[in-house]
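Participant:
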Amino acid sequence: MVRSIDGNLYVTTSKERLDKCKDFVKWWHVEAGKDSEAGLFAHKKLERERGHLVYLCRAYPAITPFLKGVHHTLDSWRPGRDQDGWKFNSAEWKAFL
Numbered sequence: 003m004v005r006s007i008d009g010n011l012y013v014t015t016s017k018e019r020l021d022k023c024k025d026f027v028k029w030w031h032v033e034a035g036k037d038s039e040a041g042l043f044a045h046k047k048l049e050r051e052r053g054h055l056v057y058l059c060r061a062y063p064a065i066t067p068f069l070k071g072v073h074h075t076l077d078s079w080r081p082g083r084d085q086d087g088w089k090f091n092s093a094e095w096k097a098f099l
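Note that our numbering numbers the sequence shown so that position 91 is 93, with each residue one more than the last.
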């Protein structure tokens, strides 16, 4: 949503969408704090919620680093990635192969 206040344009989102993302962040925090199976997250849940975060980034660019963390977590299973989810550079690829 775009709003005009005193001649300035502001981008925002609905309270419903913001609440969904808040719930997701709370869920993430709870899952990360569990002792059993530490570090494991439900892949499908992350995929679904990533879409909400992408939409929210349009209005609130400050959450982009959090979204990047979700991307890296989702893609960490792919070959050619380090333990933090970053893609290998060309030297790392040569060593990997």
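Where a beta carbon is used, it is the ideal one built from N, C-alpha and C, also for glycine. Values in this document were obtained by computation on a predicted structure and should not be read as measured data.
#1: I'd like the span of the alpha helix (DSSP H) that includes L69, first residue to last.
#2: For R60 and A34, I'd like the C-alpha separation in whole angstroms.
#3: For L11, does the three-state DSSP call read helix, strand or coil?
#4: Which residue from V32, L58 and A97 puts its Cα closest to that of V13?
#5: Between A64 and V56, what straight-line distance do the alpha-carbon atoms span, to the nearest angstrom?
Facilitator: Reading off the structure:
#1: Numbered from 1 along the sequence shown, position 67 holds the residue referred to as residue 69. First-last of the alpha helix (DSSP H) with L69: T66 to L76.
#2: Mapped onto the sequence shown, residue 60 falls at position 58. Mapped onto the sequence shown, residue 34 falls at position 32. So the two alpha carbons sit approximately 26 Å from each other.
#3: As a position in the sequence shown, residue 11 is number 9, starting the count at 1. L11 falls in the strand class under three-state DSSP.
#4: Your numbering for residue 13 matches position 11 in the sequence shown. Of the residues V32, L58 and A97, the one whose Cα lies closest to the Cα of V13 is L58.
#5: Translated into positions along the sequence shown, residue 64 becomes position 62. Translated into positions along the sequence shown, residue 56 becomes position 54. The alpha-carbon atoms of A64 and V56 are separated by roughly 12 Å.
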